[in-house]
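Student: Structure incoming, see below.
Protein chains in written order, with this note's numbering: chain D, 11 to 123; chain X, 16 to 129.
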């Protein structure tokens with residue numbers, strides 16, 4: 011079974027631009043969540059989607075948004091990029107409702123210059 | 016407010032010996048705990064988990080112990096191998112806020128030397 015797939019793996023953006031990251035969950039997993047990892051803040055929860063609905067949200071500004079499609083694939087978007095948004099963005103999936111184990115993708119490494 | 020804490024940023028162990036990684040939490044609502052292993056610029060790899068109704072869970076060389084009264088969990092790796100060298104994160108979740116919302120510790124870098 012293929013794992014969680016994220017694209018792109020690496021990207022560089024300029025301050026003020028926006029970025030869209032994509033995630034394909036493990037086949038059969040309907041819950042997709044997103045995390046941000048930075049050296050200063052560690053791994054932090056962004057949001058979680060199930061059945062195209064955002065079920066849970068972390069403490070991030072409104073510039074961070076996401077969506078989920080009917081095939082469970084998900085995208086997250088960051089608008090008006092700031093230097094501090096440089097991070098590894100991780101997507102994770104789990105089965106639901108019994109999915110209490112979360113499986114992560116390789117991540118998308120975003121650098122904002 | 017750091018709800019999940021890993022107070023040891025690093026740990027060095029010789030190959031073949033036991034590695035013990037520790038994690039403390041403050042939120043008594045947490046009822047599910049997980050350990051992940053992570054290499055730089057890669058996603059965390061799930062290792063082992065434990066529900067709050069248990070105090071021990073084993074999977075091969077990995078054993079997780081949970082002490083609910085002390086709000087403490089530990090990961091034991093026996094025997095340690097050089098390939099175990101990585102950063103280890105403990106994470107916690109609660110059914111109330113959704114198991115998908117993990118709260119992570121800051122990680123412990125394990126170095127296993129031959």
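Note that beta-carbon positions come from the ideal geometry of N, C-alpha and C, so glycine has one too.
For chain X, find out if any of its Cβ atoms is closer than 8 angstroms to the Cβ of residue 112 (chain D); answer yes or no.
Tutor: With 8 angstroms as the cut-off, residue 112 (chain D) counts as an interface residue toward chain X.
Student: Report the neighbours of residue 57 (chain X) on chain D: residues whose CB is nearer than 8 angstroms to its CB, in chain order.
Tutor: Per Cβ cutoff of 8 angstroms: 116 and 117.
Student: Taking residue 65 (chain D) as the query, report the chain X residues whose CB atoms sit under 7 angstroms from its CB, ordered along the chain.
Tutor: Neighbours of residue 65 (chain D) on chain X, chain order: 113.
Student: Please list the partners that residue 121 (chain X) has in chain B, where partner means a Cβ-to-Cβ separation under 8 angstroms.
Tutor: Absence of chain B from the displayed structure is noted, the protein chains being D and X.
Student: Do residue 90 (chain D) and residue 28 (chain D) have their beta-carbon atoms positioned less than 8 angstroms apart in this structure?
Tutor: In contact: residue 28 (chain D) and residue 90 (chain D) (Cβ atoms closer than 8 angstroms).
Student: Cutting at 6 angstroms between CB atoms, please list the residues of its own chain near residue 66 (chain X), excluding the five before and the five after it.
Tutor: Around residue 66 (chain X): 47.
Student: Given the structure, does residue 89 (chain D) come close to the ligand NAP, in the sense that its CB is under 7 angstroms from one of the ligand's heavy atoms?
Tutor: For the ligand NAP, the structure offers nothing, since it holds no ligand at all.
Student: Let me make sure I understand the geometry here. Which of D:57, D:65, D:62 and D:111 has the alpha-carbon closest to that of residue 73 (chain D)?
Tutor: Considering only alpha carbons, the answer is D:57.
Student: From what residue to what residue does the beta strand (DSSP E) around residue 74 (chain X) run?
Tutor: Note, residue 74 (chain X): beta strand (DSSP E), 71 to 74.
Student: Measure from the C-beta of residue 98 (chain D) to each C-beta in chain X and report whether the shortest distance is under 8 angstroms.
Tutor: For residue 98 (chain D), the answer is yes, since a Cβ of chain X falls inside 8 angstroms of its Cβ.
Student: Is there a Cβ from chain X that is less than 8 angstroms from the Cβ of residue 105 (chain D)?
Tutor: Cβ-Cβ to chain X under 8 angstroms: no for residue 105 (chain D).
Student: Between the segment 35 to 51 of chain X and chain D, which residues of the former have CB atoms less than 8 angstroms from a CB of the latter, in chain order?
Tutor: Against chain D - using a Cβ distance shorter than 8 angstroms - the residues of the segment 35 to 51 of chain X are 47, 49 and 51.
Student: Identify the contact partners of residue 64 (chain X) in chain D, using a Cβ-Cβ distance below 9 angstroms as the criterion.
Tutor: Result: 110 and 111.
Student: Can you say whether residue 110 (chain D) is buried or exposed, counting buried as having 16 or more other CB atoms within 10 angstroms of its CB?
Tutor: Buried, by the Cβ-count rule.
Student: Could you check the C-alpha separation between residue 86 (chain X) and residue 24 (chain D) for me, to the nearest Å?
Tutor: Distance between the alpha carbons of residue 86 (chain X) and residue 24 (chain D) is about 43 angstroms.
Student: Just to check my reading of the structure: residue 97 (chain D) and residue 14 (chain D) have Cβ atoms closer than 8 angstroms, yes? What is that Cβ distance to the nearest angstrom?
Tutor: Actually they are not in contact, since the Cβ atoms of residue 97 (chain D) and residue 14 (chain D) sit about 17 angstroms apart, beyond 8 angstroms.
Student: Given 8 angstroms as the limit, is there contact between the segment 79 to 98 of chain X and the segment 22 to 32 of chain X, that is, 3 or more CB pairs closer than that?
Tutor: The segment 79 to 98 of chain X, when compared against the segment 22 to 32 of chain X, does touch it at the 8 angstroms Cβ threshold.
Student: My assumption, with CB atoms under 8 angstroms, is that residue 59 (chain D) sits in contact with residue 78 (chain D). Please give the rounded CB distance.
Tutor: At roughly 4 angstroms, the Cβ-Cβ gap stays under 8 angstroms, so residue 59 (chain D) and residue 78 (chain D) are in contact.
Student: Do you know how far the Cα of residue 114 (chain X) is from the Cα of residue 94 (chain D)?
Tutor: Distance between the alpha carbons of residue 94 (chain D) and residue 114 (chain X): 28 angstroms.
Student: Whole angstroms is fine: what's the gap from residue 42 (chain X)'s alpha carbon to residue 109 (chain X)'s?
Tutor: In a straight line, the C-alpha of residue 42 (chain X) is about 10 angstroms away from that of residue 109 (chain X).
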